[in-house]
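Undergrad: Below are the structure tokens for one structure; questions will follow.
Number of protein chains: 2
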Amino acid sequence: MKNTKLQAFTPLFYLLWSDDLLTQKEFTTLKEFIISKTGISPEDQEYLFSKIDISNPPSRNELAQWKADIAKTIQNKPSIKNIFELAGSLSEKDSDIYVSESDFLKLENDLGILGEEVIENFKSKADSFTASSQTTNNFDIQKITKILDGEQAEIIKKVKTVISRPEFAYETSTDIAVYRETVYDWCKILAKENLGNMAYPKRYGGGENIADYFAIMETLSYHDLSLVIKFGVQFGLWGMSVQSLGTEKHYAKYLYDIGTLKLPGCFAMTETHHGSNVKGLETTATYNHNDQTFTIHTPHEKAQKEYIGNAAVHGQMATVFAKLIVDGHDYGVNAFIVPLRDAEGNTLSGITICDCGHKMGLNGVDNGTISFDKVIIPKENMLDRFASVNDKGEFESPIPSDNRRFFTMLGTLVGGRIGIPRSALAAAKSGLTIAIRYSDQRRQFGPEGGSEVPILNYRMHQCRLLPYLAKTYAVHFALQYLTKRFLNKTEAEMQEIEALAAGMKSYSTWSTRDILQECREAIGGKGYLSENRIDALKNDTEIYTTFEGDNTVLMQLVAKNRLSEFRKSFGEMGSLGIINYVYENAKTAIAEKNPIATRRTDEEHLLDDQFHIQAFIHREKTILASAARRIKKLVDSGLEPYDAFNVVQHQMIDVAEAYLERVVLEQFQFAIQAIEDVKIKEILTKLNQLYALAQIEKNKAWYLEDGYMEAVKTKAIRKMVNQLCWDIRPDAVALVNAFDIPESCLAAPIAV
Amino acid sequence: MKNTKLQAFTPLFYLLWSDDLLTQKEFTTLKEFIISKTGISPEDQEYLFSKIDISNPPSRNELAQWKADIAKTIQNKPSIKNIFELAGSLSEKDSDIYVSESDFLKLENDLGILGEEVIENFKSKADSFTASSQTTNNFDIQKITKILDGEQAEIIKKVKTVISRPEFAYETSTDIAVYRETVYDWCKILAKENLGNMAYPKRYGGGENIADYFAIMETLSYHDLSLVIKFGVQFGLWGMSVQSLGTEKHYAKYLYDIGTLKLPGCFAMTETHHGSNVKGLETTATYNHNDQTFTIHTPHEKAQKEYIGNAAVHGQMATVFAKLIVDGHDYGVNAFIVPLRDAEGNTLSGITICDCGHKMGLNGVDNGTISFDKVIIPKENMLDRFASVNDKGEFESPIPSDNRRFFTMLGTLVGGRIGIPRSALAAAKSGLTIAIRYSDQRRQFGPEGGSEVPILNYRMHQCRLLPYLAKTYAVHFALQYLTKRFLNKTEAEMQEIEALAAGMKSYSTWSTRDILQECREAIGGKGYLSENRIDALKNDTEIYTTFEGDNTVLMQLVAKNRLSEFRKSFGEMGSLGIINYVYENAKTAIAEKNPIATRRTDEEHLLDDQFHIQAFIHREKTILASAARRIKKLVDSGLEPYDAFNVVQHQMIDVAEAYLERVVLEQFQFAIQAIEDVKIKEILTKLNQLYALAQIEKNKAWYLEDGYMEAVKTKAIRKMVNQLCWDIRPDAVALVNAFDIPESCLAAPIAV
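Top line first, the protein sequences correspond to chains A and L. Just so you know, full-length UniProt numbering puts 681 at position 681 of the first sequence, and the rest follows in order with no gaps. Just so you know, full-length UniProt numbering puts 508 at position 508 of the second sequence, and the rest follows in order with no gaps.
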């Protein structure tokens, strides 16, 4: 270079030619900049122009030389902080370059670059903290597993042993006929191991242990989910409908054979035209007193039974839900045992079964449609625990209201709404184990000049997976709680427990849906290959949000129950008055009475479990009171109740969700309080904090609207969520390993 | 009944025994209530107790009689508003029943019921407004289709005609070998119709019409998406890589055969260890000057090419991306044509191809891995538009920086980031058409005693689907805009257009992911059956968020581009100063200077398109300035730029999203401004308002934190979103029909 002063321009030349974000416009900018510096001689100016002539780029070697010069200069003088200093050092005459510091700053802006960034990227990157985060093991993984498994540890272990056997290798055939047979064979093995009849009375070969049955359902869900559903249809829906709706004569006749899978059967409730609104079923069971029989009949095509598991191939009998007609009078929906096929698998006369065909998932389950053309069954086939036809041919029931009897019947089947969310939970655990293990191994990008970094070190990636890990732990404890409540239920609690089950079914299955979606995307192309099992996990559980009660419909039910409970709990006082009182009071309580709390952002407060639960409770109560008030107002203003509930449907979902989130947080907190091991307590507390704050962040618009928090606080919470993700990251792999999913079940090559 | 006065209690008895929400506790409550009424004689009291004895329920007939009595009373006196009045009418002595109005109100509360609700449910439900909403046709559907299709109407029509032919009946085999051949055959038909080579130069048999090529990609996406991807791999990725990265000699040799599908090929970029970070590819192309050849080599297993479409079965050649090594020096990633198979399909020596196996979707595409064991190719196989080896064996390039050259090469391939979001858009349209048509037909639940109601009449259901319908229209116009920008691009705009394409690719594919998920759930079990096609649409497009650039990574790139543009646009002023100025100014502009606007909730304002776009722009600018400020602060405080960007990754996503939402809204608004037909303009304006307000509602936490809106306004917006959904519902079916998707492509039995 003719004039060493001109070396001051080297960084600019280099940036211009190397940075892919600079465009032609910036060449002009730099040219104008040079022109504006009056001290440069025409000769030098021409030289400078020659270096930024877009039609005449520098040679590759020249560019490399510039880069080397810059790198060397920065290496020699690490104190260099900006381009001005760099330019000075390069020209070797710090005080005598053509341009001032402010000139350079202005130029940086014009070029849209950040000088500090450029300089830093030339320095050695040994101290990148992003790169340095890594997996550690701060606690005894097995201790967590023990806490998670609880009293069911033994049966869980047994199930894991069985499903890890070679004969449980995953079916890879895409032929659904093959797949269905494999799943059926697996069910037979499980029956032989006395796992299917676990909930049945001992006198019919069962284990009389419902707690273990639920644990079996959940543990099986680490394996193929078609297996779980086929298993659940046979032993849960079919067997339990006989047990819950039938009486001793039915138990004696069927339960043993159902438990051994000698008698495969179906649960035929849903019809094409009636899924959510089961009360509207149209299949009829007409009593004929002459020969003491019922005639089961499908009045039209859209009243056929649909999506019935075990129907397309294996089912020999079904519990069929149909409107009972006696003497021309409709007594509402009741249940009947109807034979479908003989032992050789031939469909019986009057029965038409069609295959539902290929589905998004669960293709190992043989769903079908069933139509009945005046099929005659004996009187004793009516499952007569809650209703019957007496010897005189008259309808009899201990429950006078058809409506109430119907819901009582459904109430006995609530077990499905515990089995399904627990199965969904297991699927979420599998997905997270695969995604987090892989993300800890997979490296992509890295600091300039350094090696690539595990993708789990990226903040975005942590934000995608770790709050879900926390949520999964939270849901685990909440489902344990639900199960315990169910097992120890009293008559008076049934309403509440049914609502809780309906709600947790929605909460858990939606959670799993979101988790598996995020897992799929977070692991990219590998997540799309079936061998890594996100495919099956995701598509199989996709229908969990629909079957056993559509989630959106269930959430409306939960909200109605909450509204009813709310009204009862304030029975002592006036009606609208109390609602308004609670609503207004809740609204202003924190905002006006304690302005400090709405703005508190210190770590101690943000991580305080009392702050968390109070915030959840406040939200739950306020939303509930607000919904109650709105409905009352709408009805008072003359709206049909049906229309009023339609107008507030969106709020009803919020009512249910706020309730469920409070229960989930509460149960997670209770579970942690009971832990003694300090390290376990510490890491689970962090997860709990992450769950709590991530939910608050998700709901922050509500907290801001309500005035319970101010912007300064919600912003601090967002930062804290990010920080907790960062803090938990080193333990993330250990935390998924604590789920203790058999490696043969995980099976994903990327999760090794 | 002994005493007619006691009939006042009938409603309570009825409620107690019929309402499935009342539990044993309420029996006690009612008993205590009766005891507390001192005026009742012991005899009457005993009678009353007998009616609420849980061990002795009323007969079914008695319950029915109560119900009939109540119904008759209400029918005779429609003015009855609450249980007290009902009780009075029943006892026929209004002023002389045992209990007062406040007693009844208290009891209602204790029982958790709402008297008005109970009464209303006994009345005839002819006037339910929920039930009355129905599909209408207020505008000329074909006019909307014409606007959507625009200048490409002719080619769109041609493609629709072709894919509606009988030979394009969907493949139903689950055997992926069969499926792949079907898709391959379909591609051959399309090639014969001169659809594949549409973008190639006319002198090589092409149509030289890139606009039509994109329209073809989008329209084909109404059909099988494996077909679209296989088509895109062959004619887009493989053909366009030759056209974009090669020179005349390559065109002459290959383009004609590629366009006719005589020469099926691959685009081999991604490696197992390098997907997002393509710059880190490890395959090598080593130049040997002696024989003027390159040796293509896979150094280790994780450097094999992976997920390569057309590789597993059909591909005969591939554009392979590899690091060019000349004289031991690494010149970065370049592209080479490498033969894989002979015309008979035999894999050539040195090439190892494995099948990627079953995938979540797109199983009609034969993805595979490719390894090269020192495969020798002639020098002319280097695609040498941007770099070459000269006659002396030296590396040459018009672009001196490896980095910049690499991004220039990638920039020429940006067309894929237009084709994919447009394909995603078409899939969303298919899903919405199926879901909305079905929801208009499907009835479930209804007012007490009335017939069942189309589920699209439910507010929740509208909220699930209609904002997405609005978004789909919005994205349509934004992608039209992107395409036009791309087709008319100048050198100076390339950066911006590349960023816009990357961003719109993410925005559209994520949108489609969300839409198809909601469609699946909104149509319940029917959505799970493969025959209704949500399965294929959802699983096939699932990978769209990953391939052609991982969405999360792309969003970071978009944000970096925005930051760079931001810095440039304020180049005239100081650096940190200006950032702070913009940031603070934006923050306080509305909040402090115009407190009325932050609280304005009148309809005129909420529906004003200027309010919408200003709110979007404000968000875009503020988030961008805030991110710029934060990064500068972090770097100034001594953080590595790499670490600083990691800390703000979450904010970077927001930067990109806010930018894209503004572009999408703006383009939708522009499109509407150009419409003349009043009715079309009216309905599209409503959709536009719904899109705008639904996005603001989604982002309301941000607006509240920022102070741009107050709670009263965000709550009003939520209501307005619900109202717009309700208003648009009658036109929803017409609006999906305007997409004009061939019925044979929709194919779902539920969408007829």
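Where is the CB? At the ideal position from N, CA and C, for every residue including glycine. This one's a predicted model, so the numbers in the text were calculated from it and none came from an experiment.
Please report the distance separating the alpha-carbon of GLY368 of chain A from that of SER173 of chain A.
TA: The residue you call residue 368 of chain A lines up with position 368 of the first sequence. The residue you call residue 173 of chain A lines up with position 173 of the first sequence. Roughly 21 Å between the two C-alpha positions.
Undergrad: Measuring only the C-alpha atoms, how far is ARG60 of chain L from GLU396 of chain A?
TA: The residue labelled residue 60 of chain L in the question sits at position 60 within the second sequence. The residue labelled residue 396 of chain A in the question sits at position 396 within the first sequence. Whole-angstrom Cα-Cα distance: 8 Å.
Undergrad: So the beta strand (DSSP E) LYS305 of chain L belongs to, where does it begin and stop?
TA: Numbered from its first residue, the second sequence carries residue 305 of chain L at position 305. Taken as a continuous stretch (DSSP letters only), the beta strand (DSSP E) holding LYS305 of chain L covers 305-308.
Undergrad: Determine the closest residue to LEU190 of chain L out of L:GLU531, L:PHE168, L:LYS37, with distance taken between C-alpha atoms.
TA: Numbered from its first residue, the second sequence carries residue 190 of chain L at position 190. The candidate whose alpha carbon is nearest that of LEU190 of chain L is L:PHE168.
Undergrad: May I ask you to report which of helix, strand or coil DSSP gives LEU107 of chain L?
TA: Within the second sequence, numbered from 1, the residue matching residue 107 of chain L stands at position 107. In the structure shown, LEU107 of chain L sits in a helix (DSSP, three-state: H, G or I).
Undergrad: Just to confirm, are ALA303 of chain A and PHE294 of chain A a CB contact at a threshold of 8 Å?
TA: Within the first sequence, numbered from 1, the residue matching residue 303 of chain A stands at position 303. Within the first sequence, numbered from 1, the residue matching residue 294 of chain A stands at position 294. No. Outside cutoff.
Undergrad: Give a yes or no on whether the C-beta atoms belonging to MET504 of chain L and LEU469 of chain L are separated by under 8 Å.
TA: For the purposes of this step, residue 504 of chain L is taken as residue 504 along the second sequence, with counting starting at 1. For the purposes of this step, residue 469 of chain L is taken as residue 469 along the second sequence, with counting starting at 1. Contact: no.
Undergrad: Could you check which residue in A:ASP175, A:ASN688, A:CYS187 has the C-alpha nearest to that of THR260 of chain A?
TA: As a working mapping, residue 260 of chain A is identified with position 260 in the first sequence. The candidate whose alpha carbon is nearest that of THR260 of chain A is A:CYS187.
Undergrad: Give a yes or no on contact between the stretch 617-636 of chain L and the stretch 109-126 of chain A, applying the rule of three or more CB pairs nearer than 8 Å.
TA: yes
Undergrad: What are the partner residues of ARG341 of chain L, as DSSP defines its beta bridges?
TA: Here residue 341 of chain L is taken as the residue at index 341 of the second sequence, counted from 1. Beta-bridge pairing links ARG341 of chain L to L:THR347.
Undergrad: Give the interface partners of SER397 of chain L over in chain A, defined as CB-CB distance under 7 Å, in chain order.
TA: Here residue 397 of chain L corresponds to residue number 397 of the second sequence, with the count starting at 1. Within chain A, the residues near SER397 of chain L are ARG60.
Undergrad: Measuring only the C-alpha atoms, how far is MET709 of chain A from ALA536 of chain A?
TA: Here the question's residue 709 of chain A lines up with position 709 in the first sequence. Here the question's residue 536 of chain A lines up with position 536 in the first sequence. The straight-line gap from Cα to Cα measures roughly 42 Å.
Undergrad: Pick out whichever of A:THR622, A:ASN488, A:SER226 has its Cα sitting closest to the Cα of TYR544 of chain A.
TA: One-based indexing of the first sequence puts residue 544 of chain A at position 544. For TYR544 of chain A, the closest C-alpha among the options A:THR622, A:ASN488, A:SER226 is that of A:SER226.
Undergrad: Per DSSP, what kind of secondary structure is ASP330 of chain L in: helix, strand or coil?
TA: For this step, residue 330 of chain L is matched to residue 330 along the second sequence. If DSSP states are grouped into helix, strand and coil, ASP330 of chain L belongs with the strands.
Undergrad: Between A:GLY357, A:SER430, A:LEU482, A:GLN495, which has its C-alpha nearest LEU465 of chain A's C-alpha?
TA: In the first sequence, counting from the first residue as 1, residue 465 of chain A sits at position 465. Residue A:SER430 is the option with its Cα nearest to LEU465 of chain A.
Undergrad: Please decide whether ARG630 of chain A counts as near chain L, where near means a Cβ-Cβ distance under 8 Å.
TA: Locating residue 630 of chain A in the first sequence gives position 630, where the first residue counts as 1. Among the residues facing chain L, ARG630 of chain A is not included, as its CB has no counterpart in that chain under 8 Å away.
Undergrad: Let me know if HIS274 of chain A comes out buried or exposed under the rule of 16 or more other beta-carbons within 10 Å of its beta-carbon.
TA: Numbered from its first residue, the first sequence carries residue 274 of chain A at position 274. By the 10 Å Cβ count, HIS274 of chain A comes out buried.
Undergrad: For PHE68 of chain A and GLU448 of chain A, I'd like the C-alpha separation in whole angstroms.
TA: Here residue 68 of chain A corresponds to residue number 68 of the first sequence, with the count starting at 1. Here residue 448 of chain A corresponds to residue number 448 of the first sequence, with the count starting at 1. Phe is not the amino acid found at residue 68 of chain A; the sequence shown has Ala there. Cα to Cα, ALA68 of chain A sits roughly 15 Å from GLU448 of chain A.
Undergrad: Mapping DSSP to helix, strand and coil, what is PHE231 of chain L?
TA: By 1-based counting over the second sequence, the position of residue 231 of chain L is 231. PHE231 of chain L falls in the helix class under three-state DSSP.
Undergrad: In the DSSP assignment, find the unbroken alpha helix (DSSP H) run with SER506 of chain A in it and report its ends.
TA: For the purposes of this step, residue 506 of chain A is taken as the residue at position 506 of the first sequence. Residues 494-522.
Undergrad: Whole angstroms is fine: what's the gap from SER244 of chain A's alpha carbon to ARG385 of chain A's?
TA: Indexing the first sequence from 1 puts residue 244 of chain A at position 244. Indexing the first sequence from 1 puts residue 385 of chain A at position 385. Near 8 Å, if we compare the C-alpha coordinates of ARG385 of chain A and SER244 of chain A.
Undergrad: Closer than 7 Å by beta-carbon distance: list the chain A residues that pair up with THR552 of chain L, in chain order.
TA: For the purposes of this step, residue 552 of chain L is taken as residue 552 along the second sequence, with counting starting at 1. Within chain A, the residues near THR552 of chain L are MET460.
Undergrad: Using only the alpha-carbon positions, how far apart do THR298 of chain L and ASN290 of chain L sit?
TA: For the purposes of this step, residue 298 of chain L is identified with residue 298 of the second sequence, where counting begins at 1. For the purposes of this step, residue 290 of chain L is identified with residue 290 of the second sequence, where counting begins at 1. Answer to the nearest angstrom: the Cα atoms are 22 Å apart.
Undergrad: When the Cα atoms are used, what is the spatial distance from GLN292 of chain A to GLY328 of chain A?
TA: By one-based count along the first sequence, residue 292 of chain A stands at place 292. By one-based count along the first sequence, residue 328 of chain A stands at place 328. Annotation: GLN292 of chain A to GLY328 of chain A spans about 15 Å, alpha carbon to alpha carbon.
Undergrad: Run through DSSP, which three-state label would PRO77 of chain A get?
TA: Residue numbering aside, residue 77 of chain A sits at position 77 when the first sequence is read from its first letter. The sequence as given places Lys at residue 77 of chain A; Pro does not occur at that position. Looking at LYS77 of chain A - three-state DSSP - the assignment turns out to be coil, as it is neither helix nor strand.
Undergrad: Note down the Cα distance separating LYS230 of chain A from LYS484 of chain A, rounded to an integer number of angstroms.
TA: For the purposes of this step, residue 230 of chain A is identified with residue 230 of the first sequence, where counting begins at 1. For the purposes of this step, residue 484 of chain A is identified with residue 484 of the first sequence, where counting begins at 1. So the two alpha carbons sit approximately 25 Å from each other.
Undergrad: Which residues in the same chain as LYS143 of chain A place their Cβ atom closer than 6 Å to its Cβ, once the five residues preceding and following it in sequence are excluded?
TA: By one-based count along the first sequence, residue 143 of chain A stands at place 143. Same-chain partners within the cutoff: ASP677, ILE680.
Undergrad: Between TYR507 of chain A and chain L, is any beta-carbon pair separated by less than 8 Å?
TA: Numbered from 1 along the first sequence, position 507 holds the residue referred to as residue 507 of chain A. It does not; no Cβ of chain L falls within 8 Å.
Undergrad: Of the residues L:MET720, L:PHE547, L:TYR691, L:ILE80, which one's Cα is nearest the Cα of PHE267 of chain L?
TA: Taking the first residue of the second sequence as 1, we reach residue 267 of chain L at position 267. When only C-alpha atoms are compared, the closest one is L:PHE547.
Undergrad: Can you check DSSP and say which residues form a bridge with ALA322 of chain L?
TA: Position 322 of the second sequence, counting from 1, holds the residue named residue 322 of chain L. Paired residue(s): L:ASN334.
Undergrad: Identify, in the order they occur along the chain, each residue of the same chain with its Cβ nearer than 8 Å to the Cβ of CYS463 of chain L, setting aside the five sequence neighbours on each side.
TA: Residue mapping note: residue 463 of chain L aligns to position 463 of the second sequence, counting from 1. Closer than 8 Å at Cβ, skipping near neighbours: VAL721, ASN722, CYS725.
Undergrad: Of the residues A:GLU154, A:VAL313, A:PHE84, which one's Cα is nearest the Cα of LEU12 of chain A?
TA: Here residue 12 of chain A corresponds to residue number 12 of the first sequence, with the count starting at 1. Looking at A:GLU154, A:VAL313, A:PHE84, the one whose alpha-carbon comes closest to that of LEU12 of chain A is A:PHE84.
Undergrad: Can you tell me whether CYS519 of chain L is buried or exposed? The criterion is at least 16 other CB atoms within 10 Å of its CB, across all chains shown.
TA: In the second sequence, counting from the first residue as 1, residue 519 of chain L sits at position 519. Result: buried.
Undergrad: Pairing CB atoms from the stretch 431-441 of chain L with CB atoms from the stretch 526-534 of chain L, are three or more of them under 8 Å?
TA: With a cut-off of 8 Å, the stretch 526-534 of chain L and the stretch 431-441 of chain L count as touching, because enough Cβ pairs lie within range.
Undergrad: What in chain A is Cβ-close to PRO447 of chain L, meaning under 9 Å?
TA: Translated into the one-based positions of the second sequence, residue 447 of chain L becomes position 447. Correct list: GLU640, PRO641, TYR642, ASP643.
Undergrad: Out of L:ASP514, L:TYR528, L:LEU557, L:ILE515, state which residue places its alpha-carbon closest to the alpha-carbon of ALA501 of chain L.
TA: On the second sequence, position 501 is the one that residue 501 of chain L refers to. Looking from the CA of ALA501 of chain L, the closest CA among L:ASP514, L:TYR528, L:LEU557, L:ILE515 belongs to L:LEU557.
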